[in-house]
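Asker: Numbering (our numbering), first residue to last: 1460 to 2411. Ideal Cβ placement from N, Cα and C applies to all residues, glycine included. This one's a predicted model, so the numbers in the text were calculated from it and none came from an experiment.
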Amino acid sequence: MSLIVAAGLASAAVAQDKSKADDTSVVEEVVVTGTSIRGAAPVGSALVAVGRGEIEKTSATTVQQILKTVPSVVGAGSAGQGSFGSADNSGTNAPTIHGLGASASNSTLILIDGHRIPLTGINHALADPNIIAPGAIERVEVLADGASSVYGSDAVAGVINFITRRNFDGFEASAQAGVADHYNTYSASLLWGKRWDGGSALFSYGYSDRSNLRAGDRDFTKADHRAQGGTNLASFACGTASVQPAGGSLIYAAPYTGAGVANAAANAFCDYSGVADLLPSERRHSVIAKVSQDFGERLTVGADVVYSKRKNFAALSRGTVTATVYGPGSGKGGQINPFYVNPTGSAATSQTIRWDANDLLGPGAYADSGATSFFVNAQAQYKLNDNFILTVAGTAGNDESREQRVGVVCGSCANLALNGTTNGSGSTTTASIPGTSLIVLNNPLTTANALDVWHTGSANLTSPAVLAALKDSTTTQIANQTMENARAKIDGSLFALPGGDVRIAFGAEYSHYGLKQDLTRPTNIGPASTGSATVNLNYGRTVKSGFVELLVPVIGDGNALPLVQALDLNLSGRYDNYSDFGSTKNPKVAINWKMVDGVKIRANWAKSFVAPAFTSIGSGNGITGESGYGAFGQGTVNVPISAFPGAASLPGCSSTATTCAIGTTITGIQLSGGNDQLQPQHGKTWAVGLDLNPGFLPGARLSVTYWASKLTGGITAPTPSLAVNSPDLNSLLIIYPTGATPAQIAAAAGTLPLTSALPSTVYFIYDFRQRNVLNLNIAGVDIDGGYKFDTDFGAFNIGGSLSLKTKFDQRIGSGGVFSVLNTTGFNTTFPSIKTQARANISWSLDNWSADIFANYTGSYRNWSSTTQTPLTRNAAGLPTGGGDKVKAATTIDLHVAYDIKSDGWLDGTQLFADVANLFDKDPTFYNNANGYDTFSGNPIGRLVSVGFRAKY
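#1: Under 9 Å between the Cβ atoms of threonine 1623 and isoleucine 1747?
#2: For the segment 1699–1775, which segments carrying the beta strand (DSSP E) assignment without a break, of at least 3 residues, lie completely within its bounds, in sequence order?
#3: Leaving out five residues before and five after valine 1961 in sequence, what residues of the same chain have Cβ atoms less than 6 Å from its Cβ?
#4: Closer than 8 Å is the cut-off here; do at least three beta carbon pairs connect the segment 2208–2218 with the segment 2151–2163?
#5: Classify leucine 1820 as helix, strand or coil using the three-state DSSP reduction.
#6: Note down, in chain order, each residue of its chain lying with its Cβ closer than 6 Å to the Cβ of aspartate 1827, except the 5 sequence neighbours on either side.
#7: What would DSSP say about asparagine 2321, mapped onto helix, strand or coil?
#8: Helix, strand or coil for asparagine 2184? Go by DSSP, reduced to three states.
#9: So if DSSP puts cysteine 1869 in a beta bridge, which residue, or which two residues, is it bridged to?
#10: Buried or exposed: where does alanine 2065 fall if 16 or more other Cβ atoms within 10 Å of its Cβ makes it buried?
#11: When DSSP builds the beta bridges, which residues end up paired with glycine 1611?
#12: Could you tell me which residues DSSP puts in a beta bridge with glycine 2244?
#13: DSSP three-state call for leucine 1875: helix, strand or coil?
#14: Can the beta-carbon of arginine 2228 be found closer than 9 Å to that of glycine 2133?
#15: Valine 1835 lies in the beta strand (DSSP E); which residues open and close that run?
#16: I'd like to confirm the pairing. Which residues does DSSP put opposite glutamine 1810 in its beta bridges?
#17: Would you call proline 1704 buried or exposed, if buried means 16 or more other Cβ atoms sit within 10 Å of its Cβ?
#18: From which residue to which residue does the beta strand (DSSP E) around alanine 2090 run?
#19: Output yes or no for whether 9 Å exceeds the beta carbon distance between phenylalanine 1621 and valine 1522.
#20: With valine 2276 as the anchor, note down where its beta strand (DSSP E) starts and where it stops.
#21: Let me know the secondary structure DSSP gives arginine 1962 once reduced to three states.
#22: Judging by CA-CA distance, which residue of Leu1974, Thr2043 and Asp2343 is the nearest neighbour of threonine 1690?
#23: Please check the pair isoleucine 2224 and alanine 2199, which I expect to be a contact at CB under 8 Å, by giving their CB distance rounded to whole angstroms.
#24: Could you give the DSSP three-state label for glutamate 1515: helix, strand or coil?
#25: Could you tell me the boundaries of the beta strand (DSSP E) in which serine 1988 lies?
#26: Just tell me which of Leu2151, Ala2207, Thr1915 and Thr2095 has its CA closest to the CA of arginine 2061.
#27: According to the Cβ coordinates, are aspartate 1683 and alanine 1693 closer than 9 Å?
#28: Starting from the Cα of asparagine 1878, find the closest Cα among Gly1916, Gly1792, Pro1577 and Thr2210 and give me that residue.
#29: If I'm right that serine 1751 touches alanine 2388 with Cβ under 8 Å, what's the distance once you round it to whole angstroms?
#30: Per DSSP, which residues does leucine 1953 bridge with? Please list them.
#31: Identify, in the order they occur along the chain, each residue of the same chain with its Cβ nearer than 7 Å to the Cβ of arginine 2270, setting aside the five sequence neighbours on each side.
#32: The alpha helix (DSSP H) with isoleucine 2076 in it runs from where to where?
#33: Drop a sphere of 10 angstroms on the beta-carbon of valine 2055, count the other beta-carbons inside from all chains shown, and report buried for 16 or more, exposed for fewer.
#34: Taking just the CA atoms, how far does asparagine 1726 sit from lysine 1681?
#35: Which of the three DSSP states, helix, strand or coil, is assigned to lysine 2410?
#36: Whose C-beta lies closer than 6 Å to the C-beta of threonine 1889 among residues of the same chain, with five residues either side of it excluded?
Here is the structure:
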């Protein structure tokens, strides 16, 4: 729990800020991150803060973008739009410290003004700090140490605390507009505040509007990356279908008069990636209101209200279909497609078609998503006596997130119109909904109810009724998350030692969390409007907690020794009891050792944890909003023949090969969802650091921290490329050389709902459900420094920050340990890029100021499933090297401002211009579908923004 301390203590916390806040308000209170002791900065930790002055030197339209100034925060340099470019386009971008996390949690606790906020998202519940507009932020504090002893769950990697402005007196307005190639942004904010004796009030409104960015507007997103040194990631699914006659191995392109090509990725010739949005459009409204009032000398009462509304919209691809179709002579009677066309010279009576629906159906598929968040936080402080203060606080709020996906091709409708059944194989005995006896057929096929995929444009003969059915595929998801939190704390001085007062803080906390998910999706029996099912899930959790923290000034002014001017010891611990999985205890020990003026050594050790998310543990039997089974969607996986001998019998594979590639031409299905047996993820962290503020060089500062963190039992859905090379996870993949039977599919799926059309032949089933299997052991060095000095040519500030990882070891389950240091993509969670840095040079003179920022990401390796250079592995199948080298990247940002100083109404107004990515550098090439790494790359390019900020 964070606390509010008096004005005389504000300088102690702000002294560690990378940039002093230059707000014109008088700061009478300040939130301190990482401690429950009133009036004390966290012991043993380097608290990095981005102050108001630094925030105003960026063109940030969301608070997530502010964090690009802190290299230890992973993902802050991304576009911050569309959830790191993921398919759900949710707009939620929860930052993480040092990349320590699993796919089900980022292990970094997000706070606003020191308290938790309602989580947001549909299938991945995360805290979204962007519900606060940048104009309402006083500073952001990053504590990169384990902190569950103070805050409870989620703080294994550390805490990011977004502290809002308070005690502002006056009016402030700002607005800016930005433009890039095929992209633009607009934002505006208003801030009003009033202070009076014993109280204050504040109101803030922020608005931001960021346009979409089409994949087709960036050349580097084209699927065939061979010209960039990568591979061809195109497909054989074309607007006029490619066909593979039965009994043959070659694939033919329309108009089917030329030679066929082998079914190999290098030969794929269809690319419709440009029709979808790379980034969704995003519009946000953010409101915050605050009031605080003293009642006498003992009681202070305050309340904050926050409301935020976000809307995202993204154009989607219509999608693809792969199916078996029948022609004359097949003996299939009513299943014969009347539009059937064979390649020249072929007499095949059936064929496999691979078809992309975008040409025939045209644009119109989209994802419409958003979230509405609201919370109220109230706090009362009562001075019990001269030493002890009672603080009682509570937070209540909710978030409603939604997403509707419309117009993606109805897979079962396409199959019904291609071969008369709801499945790609054309079997008339396979249940449309596995586990039931329901079989939906569309026989006989005629020109009125069949789908023509062999002709394009005006020559296409598909009827309007079939076209309408193909577009009828709406999926709707709504998630409503609630939280109620009450907390009480007493803190003060126990007794005096020669080094100072021994101080204590102790208290209790009660929380209740709820989540309700409503999902409506097609059931594989035809159009969604007539064949959909709704799933309603309810989750609940109660947490009861107790905590204590003790600050002991072992040595201070009263008993200082040579080279030991001060020695502070901090001990803290917390007990949390969860209604759904049990209890956990987490201690922390920290020390500060001040050797001489300007030289301090600090250290800390802590145990922390992350509770399983609702969307991981599920609502009974592990069922979550993501639970289901459908077509495999994890790309190409190279399966080792030695571990899976049956793979040698799959089409196109050989026993003489070492691996067999499955997932594209060799089709299968995956099981997805939660696991009600999940346990907390546990972390151990320690750090030691040195802070220098040399008196012989005023204005200079340097902070160096060596840190080490372990995460045990991280919750993740093991990726296939990882599981097939980990002996204890081999059971997650089952190979069926001749294809799985309907009974085998139904047995594997159990009670899971069908979420997409199944491929014509299921050669494998992969269990992609979540497990406590990820173990990480990471370490590194964080460095932050700067030097301020004045000259006759103006005031200068030179600074820089570096985050350098030295270890990133990974172990899956009980398997062997291997290093993923300086790679991305292997575990599909967070990257382990070794080097990230940011440097700045600032100058100011009279009315003018200018800042240049350099952002650096070091070279690393692409270890994803799409890497061109295969990974090298040891005898146990663990990776030891290989992968594609991803070049280092440096981008330059520029900020220029002019402050109007006059006696008129414009006095206090600032005009500014910002250029992000000054030299318009494309993101470094990364061999995947987008052509860049969505965690570390930004596809927007040069973004020029101009605006004003007026204060009255």
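Answerer: The short version:
#1: As a working mapping, residue 1623 is identified with position 164 in the sequence shown. As a working mapping, residue 1747 is identified with position 288 in the sequence shown. Pairing threonine 1623 with isoleucine 1747 gives a Cβ-Cβ distance under 9 Å.
#2: The segment 1699–1775 contains these whole beta strand (DSSP E) runs: 1701–1704, 1736–1738, 1740–1754 and 1758–1774.
#3: Working through the sequence shown from its first residue, we reach residue 1961 at position 502. Beyond the five residues adjoining it in sequence on each side, valine 1961 comes within less than 6 Å, by CB distance, of Leu1953, Phe1954 and Val2011 in the same chain, given in chain order.
#4: Using a Cβ-Cβ distance cut-off of 8 Å, the segment 2208–2218 and the segment 2151–2163 are not in contact, since fewer than three pairs of beta carbons, one from each stretch, lie closer than that value.
#5: Translated into positions along the sequence shown, residue 1820 becomes position 361. Helix, per DSSP.
#6: The residue given as residue 1827 occupies position 368 in the sequence shown. Closer than 6 Å at the Cβ level, and outside the excluded window around aspartate 1827, lie Phe1772 and Gln1863.
#7: As a first step, residue 2321 must be located in the sequence shown, where it is residue number 862. Looking at asparagine 2321 - three-state DSSP - the assignment turns out to be strand.
#8: In the sequence shown, the residue the question calls residue 2184 occupies position 725. Asparagine 2184 falls in the coil class under three-state DSSP.
#9: Taking the sequence shown and counting its residues from 1, one reaches residue 1869 at position 410. None, per the DSSP bridge assignment.
#10: Against the sequence shown, residue 2065 aligns to sequence position 606. Burial state of alanine 2065 is buried, judged by a 10 Å Cβ sphere holding 16 or more other Cβ atoms.
#11: Here residue 1611 is taken as the residue at index 152 of the sequence shown, counted from 1. Here glycine 1611 is not bridged, per DSSP, to any residue.
#12: Taking the sequence shown and counting its residues from 1, one reaches residue 2244 at position 785. In the DSSP secondary-structure assignment, glycine 2244 is bridged to Leu2161 and Gly2259.
#13: Locating residue 1875 in the sequence shown gives position 416, where the first residue counts as 1. When DSSP states are grouped into helix, strand and coil, leucine 1875 belongs to the helix group.
#14: Position 769 of the sequence shown, counting from 1, holds the residue named residue 2228. Position 674 of the sequence shown, counting from 1, holds the residue named residue 2133. By the CB criterion at 9 Å, arginine 2228 and glycine 2133 fall inside the cutoff.
#15: In the sequence shown, residue 1835 corresponds to position 376, counting from 1. Start and end: 1825–1842.
#16: In the sequence shown, the residue the question calls residue 1810 occupies position 351. The partner list for glutamine 1810 (beta bridge, DSSP) reads Pro1704 and Val1784.
#17: The residue labelled residue 1704 in the question sits at position 245 within the sequence shown. Buried, because 16 or more other Cβ atoms sit within 10 Å of the Cβ of proline 1704.
#18: For the purposes of this step, residue 2090 is taken as residue 631 along the sequence shown, with counting starting at 1. Where alanine 2090 is concerned, the enclosing beta strand (DSSP E) stretches over 2087–2090.
#19: In the sequence shown, residue 1621 corresponds to position 162, counting from 1. In the sequence shown, residue 1522 corresponds to position 63, counting from 1. Contact flag set, yes.
#20: Here residue 2276 refers to the residue found at position 817 of the sequence shown. Taken as a continuous stretch (DSSP letters only), the beta strand (DSSP E) holding valine 2276 covers 2276–2278.
#21: Residue numbering aside, residue 1962 sits at position 503 when the sequence shown is read from its first letter. It is a strand residue.
#22: Here residue 1690 is taken as the residue at index 231 of the sequence shown, counted from 1. Looking at the Cα atoms, Asp2343 is the closest of the given residues.
#23: As a position in the sequence shown, residue 2224 is number 765, starting the count at 1. As a position in the sequence shown, residue 2199 is number 740, starting the count at 1. So it is a contact: roughly 6 Å between Cβ atoms.
#24: Within the sequence shown, the letter at position 56 stands for residue 1515. Glutamate 1515 falls in the coil class under three-state DSSP.
#25: To locate residue 1988, count along the sequence shown from 1; it is residue 529. According to the DSSP assignment, serine 1988 belongs to no beta strand (DSSP E), since it is labelled neither H nor E.
#26: Within the sequence shown, numbered from 1, the residue matching residue 2061 stands at position 602. Considering only alpha carbons, the answer is Leu2151.
#27: Counted from its first residue, the sequence shown places residue 1683 at position 224. Counted from its first residue, the sequence shown places residue 1693 at position 234. For aspartate 1683 and alanine 1693, yes; Cβs fall inside 9 Å.
#28: Locating residue 1878 in the sequence shown gives position 419, where the first residue counts as 1. Comparing alpha carbon positions, the residue from Gly1916, Gly1792, Pro1577 and Thr2210 closest to asparagine 1878 is Gly1792.
#29: The residue given as residue 1751 occupies position 292 in the sequence shown. The residue given as residue 2388 occupies position 929 in the sequence shown. Not quite, the Cβ-Cβ distance comes to about 50 Å (not below 8 Å), so this is no contact.
#30: Residue 1953 sits at position 494 when you count from the first residue of the sequence shown. In DSSP, leucine 1953 forms no bridge with anything.
#31: As a first step, residue 2270 is located in the sequence shown; it is residue number 811 there, counting from the start. So the qualifying residues of the chain are Asn2234 and Val2276.
#32: In the sequence shown, the residue the question calls residue 2076 occupies position 617. Run containing isoleucine 2076: 2073–2076, per the alpha helix (DSSP H) assignment.
#33: Here residue 2055 is taken as the residue at index 596 of the sequence shown, counted from 1. Label assigned to valine 2055: exposed.
#34: One-based indexing of the sequence shown puts residue 1681 at position 222. One-based indexing of the sequence shown puts residue 1726 at position 267. Using only the alpha carbons, I get a separation of about 15 Å.
#35: Residue 2410 sits at position 951 when you count from the first residue of the sequence shown. Three-state result, lysine 2410: strand.
#36: Numbered from 1 along the sequence shown, position 430 holds the residue referred to as residue 1889. Excluding sequence neighbours, threonine 1889 sits near Asn1882 and Pro2201.
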